[in-house]
Each structure stands twice: as structure tokens, then as C-alpha cells.
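First the structure, in the form of C-alpha cells, and then the observations on it.
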Amino acid sequence: MPRFTPTDAVPPTRTTRLRDLLYVRFTDHFEAFPKALLESISPSNPLKRLAKVLGYAALRLVGNVFKPFKNPEQLRGAVWLYVVSQNNYDSLRFIKEHRADAVLLAGQAKQIGRYNQQVNRLSLRRKLLYYWQLPLVLVGLLRTEGRRAWRFFDLIFNAIGYYEVYRRALRHYRPRAVVFANDHNDDARALLLACRREGVPTAYVQHASVSTNFPPLGFDLSLLEGQDALDKYRLCGPVPGQTRLVGMPKADAFVRQRNEQPRVQRVALATNTLDDTAGIEAAVTYLLTAFPALQFTYRAHPSDPRRFQELRTRFPQLAFSDARQESVFEFLQRHDALIAADTSTHLEATLLNLVSLYYRFGQHGVADDYYGYAAHGLVDRAFSLDELGQLLRGYVAHKPADHYRRAGYYCATLGTPDEGRSQQLALRELDAWLAKGGAA
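So our numbering is basically just the index in the sequence shown, starting at one, shifted up by 2.
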């Protein structure tokens, strides 16, 4: 049975392929990132962007071409579990533990946090051979994307060569299938397109909540957490292939240990790189002053370079969690409530029966209820610090025992016989799909 992704599903030109790889980079959402965050991704000064391009090329030249590496596992004929982050690794390793033919792997220099030494690597040494494409694809993208192509030419340069190198790797190793936990990073999309061209079956395991800014689904098999994800992907575009709603596999070990505290005493604060530093500091100051009897722990996103030394100095009673060392579920298990803005940690917290409160740390224009959590009743929303305080006081007095039921729209297994068995459900679907040769 043929898969839904024949070779003609691959964009036919270099320019259209690069546009596909950089799908999220050419959205209004991405361009609206806070200035400081966008600057860290792609400098606004064109000379700095050029310096970044030259530095990237030099890094690849030195880091990839002259740095030898040897994979500890056999990649030929294996089921590849492709990861681009620490969270991806945590989301797919259950497949590795189940299947003897599965291997976790990433691009040669990709940073996978605490798992850097535990993943196999795909060589990117030949990527340098394709950088000559920049003038051609830049001209093409200037025609279709206008000024955004020039504004983000460094990101265009970074994406060049992934598709060609990954096609070569697929022809060399001939994996049985490739399983993804990310569908929007440039390297992951390059491997997806390469799989389509080379006829390698692809599957997708959702690793976090999704938004309508994501690319359309393009996998032979998509294992989604719940109806929310499927509804959003349908808004992104056609949903071909097989789709199954399997709940949240990475939560299995924790949903049976739900928080049963009748009142909130320990509060988790989680932020991401979009959140404004001044807004974070104002919220922490308010909360620790207004609620001296509560225990607060602060956790920044693992990719956030800020050290928040001001908070550490001013509030010695404030605990900190290192997201690079402690998993999100381990972190949440130590708390009764979560305060955060736009992060899928809200869903994970609610599944564990923590009270989750949505509060924006600052007024950037990137996202407002980005995942729709407030709109669908998963979280309570506070528009001001006073409102946040009022909500928290209510839950300090009483926290419902069945608060977790709010997550039903997002987690298909909640309240079913498969609750807490999402890994088993996902593995049954994946094993059956592989047994049929990855057919859609």
C-alpha cells in the first residue's frame, strides 16, 4: 500500500524546499517575537547577521569536518528516533526501551542537553558543500517572502544543506522508518522531506502542545495527545496519513501519583524565553511579598540564557529548579500549583492535579493564550497581579481533588481504561504500523 507522501509531495525547487524548512520563520508570529529574543536568534544588524553566517560556517568547518565521531549503535536498517532537544529525547526514549531495533539520534552538533553523550549522530560534514546555494535561494525567497528573506538570511544560510546531506544518509543507512517528536525545526523538516523523497516511512509522536502556527502534518503516522492537537492541525492544513489519539506517553509514570493536597502550599513559577525580565521580577516580588507562608520555586526554560541573579540575590527564600537537570514532571511533583504564561507545562501540571494559573509576564505582542488553555478552561487566567493574588488565595483555601479533569480535551486517555498506559497504546499503534511496512 503506497504512503500518502510520494516523491511529488516534496517541493520541487531549492527555494521552495528552503521555504518549507523555514516554515515557522516566515510567519507573523515569529517576526513578532520580543526584540531581545529575536536579536538572539537573528541579529537585526545585517553586518552582525553576516558575522553570524561566517561564524556558523567556520564552526561547521572546524567542528564537523575535523572532529571525528563514532556512533555506538548500528544505524543501518534501524528505526530512527530523531531528536532536536532534551524534551524530544524524553518523549521518544520509551520507544527505544521497547524496540531493540530503535536508535536515538540527532544532527552532528545538535545540543540535546543532558543527553548529548547518549545519542547517535548524523554526519553534517558535507553540509559545507551546499552553501553555494545561498545567493540562488535568497533571490528566490526575496521574490516570495519579500523583506523577511533579507531580514532572516542567516537562518536561510543555516538551513542550507540539511536536505541533501540527510538524503545521502538515508540512502546509505536505509532505516526502516524515522520517528519524529518535532515537526517544525529546520533540520527535522529537512529529514522529513528527505524521507519522502527516499521513500522512508515517517511517524510523529507529539511531544508538547501545538499551535496553529505549526506546519501542516506530513507524516505517514501521527500519534497525537488529544482532540485539541488534531483540531489545531486541521486548521494548519490537510491531515493525511493515519492519526491516532494516544494521550501523553511521557506522563504515564506520573499520572498515577497525582497531587492530593487539599490546599496550595507550594507554588511553581515557570517562564520561557518570551517572558519579559522586568515582568518576571515584578511578579516574583509581588508573590513572595503577598504570600510569605508559601514556598515558591522558579524554573526557567532550558534554552533561556538569563541567570536571574537579581532574583537570587533579593530573594534567598526563592528556590530554583534547573530545567537542564530536572525533568518537568519531577519538578511539578514537588508543587501544588503552577503560575506561567505560554507554556505546555500548564497541561502537564493539570494532568498531575496541580492548579495552573495563566499570567503573562509582560506585554509582548507575540502570543495571548497561545495554546488556547484559558479559552478552553484548562487554566484560570489573571490579567493583573491583583487578580493573580485573588486566584491563588482561593486555591490556598481549597484545591479541588478532581481539578485534573479539565485536561480531557487535551489528553485522549484521561478517564478511560488507557489512562496511564499511553506508552503501551502508542507502542501498539507503532508496532502494528511498522509490521505493515509503514503503510498509511
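Heads up, the beta-carbon is just placed ideally off N, CA and C, and yes, glycines get one too. Computed from a prediction, not measured in an experiment: that's the story for all the values here.
- Burial of His-348 is indicated by the presence of at least 16 other C-beta atoms within 10 angstroms of its C-beta.
- If you check the CB distance, Gly-391 and Asp-278 do not come in under 8 angstroms.
- Counting only runs that start and end inside the stretch 143-214, the beta strand (DSSP E) elements of at least 3 residues fall at 179-182, 204-207.
- Setting aside the 5 residues that flank it on each side, Phe-28 is surrounded in the same chain by Glu-147, Arg-150, each with a C-beta closer than 6 angstroms to its C-beta; the list follows chain order.
- The bridge partners DSSP lists for Ala-108 are Arg-123.
- The C-alpha of Arg-336 is placed about 26 angstroms away from the C-alpha of Ala-280.
- In the structure shown, Val-266 falls within a coil segment according to DSSP collapsed to helix, strand and coil.
- In terms of Cβ geometry, Ala-108 and Arg-128 do not form a close pair [threshold 8 angstroms].
- In the DSSP annotation of this structure, the continuous segment of the beta strand (DSSP E) that includes Thr-299 starts and ends at 297-302.
- Looking only at Gln-426, Gly-422, Leu-380, Ala-414, the smallest Cα-Cα distance to Tyr-406 is reached by Leu-380.
- Residue nearest to Pro-419 within the set Asp-254, Lys-234, Arg-316, Phe-159 is Asp-254 (criterion: CA-CA distance).
- Taken atom to atom, the span from the alpha-carbon of Pro-48 to that of Gln-135 is near 19 angstroms.
- Below 8 angstroms, enough C-beta pairs join the stretch 32-50 and the stretch 151-168 to call them touching: three or more.
- Taking C-alpha positions only, Gln-263 is separated from Pro-402 by approximately 9 angstroms.
- For Val-85, no beta strand (DSSP E) encloses it, and the DSSP letter there is neither H nor E.
- For Val-257, the secondary structure class from DSSP, reduced to helix, strand or coil, is helix.
- Going by DSSP, Val-55 is part of the alpha helix (DSSP H) stretching over 48-62.
- Classified as buried, Lys-252 has 16 or more neighbouring CB atoms from the shown chains inside 10 Å of its CB.
- When secondary structure is reduced to three states using DSSP, Asp-382 falls in the strand class.
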